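Please read the structure below before turning to the comments.
In our numbering, the protein residues as written are 3 to 267.
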């Protein structure tokens with residue numbers, strides 16, 4: 003990459019929104035976003051490590067500060083899962099815990115200014131790195147597609163292949179409206195993972211663009227620096243609510259979809 007000072011504001015923003023990609027086939031359409039994969043895996047490992055720290059010295063008496071915090075968070079997620087899911091599967095709470103804390107950690111990367119990550123990587127020869135995995139639609143679609151397959155698994159486990167197929171073809175308008183039922187159910191099932199992915203992606207990607215715009219404003223002289231600092235502080239405080247809220251919404255909707263997949267019409 004050329005020096006940062008040679009970039010226009012538009013070029014600066016586009017540069018930080020560009021993924022580090024690996025082209026599987028020269029001239030092909032399939033490209034792997036290495037930064038999204040690496041960062042997602044690192045955040046997943048960090049989540050496991052943080053939970054391990056809480057359990058390593060866990061006590062049944064007076065818990066330590068970190069153990070107490072983790073227990074409070076886990077109890078909160080467990081209560082939400084139990085209140086929302088009405089089936090019998092014991093997988094729902096672990097799924098909810100994984101989704102919430104993993105997405106929360108990935109979203110929290112938004113609080114780190116882009117140049118704080120990009121500049122050290124440029125010194126190592128990595129010129130593109132999009133730090134927030136949830137601002138990449140491929141990551142959010144990957145998670146929502148996983149939820150979609152879990153919905154299929156829960157539905158088949160609860161109703162059986164025959165019961166699931168019969169309901170898919172006859173609900174909600176009866177067997178005489180089978181073609182219409184089929185179209186309606188296909189749209190309903192596909193819309194759930196798509197809306198789940200796009201909601202998280204849209205909020206994180208939009209927030210990333212605003213952060214970059216504020217960062218550019220901060221480089222436009224003294225007045226721009228003061229305005230950028232004020233706007234940046236306000237936007238950062240606002241995102242302290244948005245970041246956990248989006249993780250919570252993704253988790254809750256996933257539990258709702260899993261619960262609905264087991265319900266019979």
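For every residue, glycine included, the Cβ atom is placed at its ideal position computed from N, Cα and C.
The structure displayed is predicted, hence computed values, not measured ones.
Which one of the options has the shortest CA to CA distance from residue i?
i           : options            : result
residue 44  : 135, 265, 191      : 135
residue 34  : 138, 208, 17       : 138
residue 197 : 156, 145, 66, 117  : 145
residue 252 : 65, 109, 92, 27    : 109
residue 204 : 231, 170, 245      : 245
residue 152 : 133, 173, 261, 131 : 261
residue 46  : 105, 83, 199, 23   : 105
What residue does the alpha helix (DSSP H) around residue i start on, and which one ends it?
i           : result
residue 18  : 11-18
residue 99  : 94-110
residue 165 : 139-172
residue 114 : Unbroken run through residue 114: none, as it is neither H nor E.
residue 81  : 67-86
Would you list the one or two residues that DSSP bridges to residue i?
i           : result
residue 196 : In the DSSP output, where bridge partners are listed per residue, residue 196 has none listed.
residue 33  : 25
Would the beta-carbon of residue i be found less than 7 Å away from any heavy atom of the ligand MG?
i           : result
residue 197 : Although the ligand MG was asked about, the structure shown includes no ligands whatsoever.
Express the C-alpha separation of residue j and residue i in angstroms, rounding to a whole number.
i           : j           : result
residue 147 : residue 234 : 34 Å
residue 60  : residue 127 : 43 Å
residue 189 : residue 67  : 47 Å
residue 215 : residue 15  : 7 Å
residue 240 : residue 193 : 29 Å
residue 25  : residue 114 : 28 Å
residue 166 : residue 157 : 7 Å
residue 75  : residue 53  : 11 Å
residue 207 : residue 256 : 21 Å
residue 264 : residue 258 : 10 Å
residue 21  : residue 177 : 49 Å
residue 55  : residue 71  : 12 Å
residue 94  : residue 149 : 11 Å
residue 119 : residue 131 : 8 Å
residue 37  : residue 27  : 18 Å
residue 186 : residue 13  : 44 Å
residue 160 : residue 238 : 44 Å
residue 50  : residue 218 : 36 Å
residue 87  : residue 254 : 10 Å
residue 117 : residue 89  : 46 Å
residue 269 : residue 231 : It is not possible to answer for residue 269, since the shown part of the chain is limited to 3 through 267.
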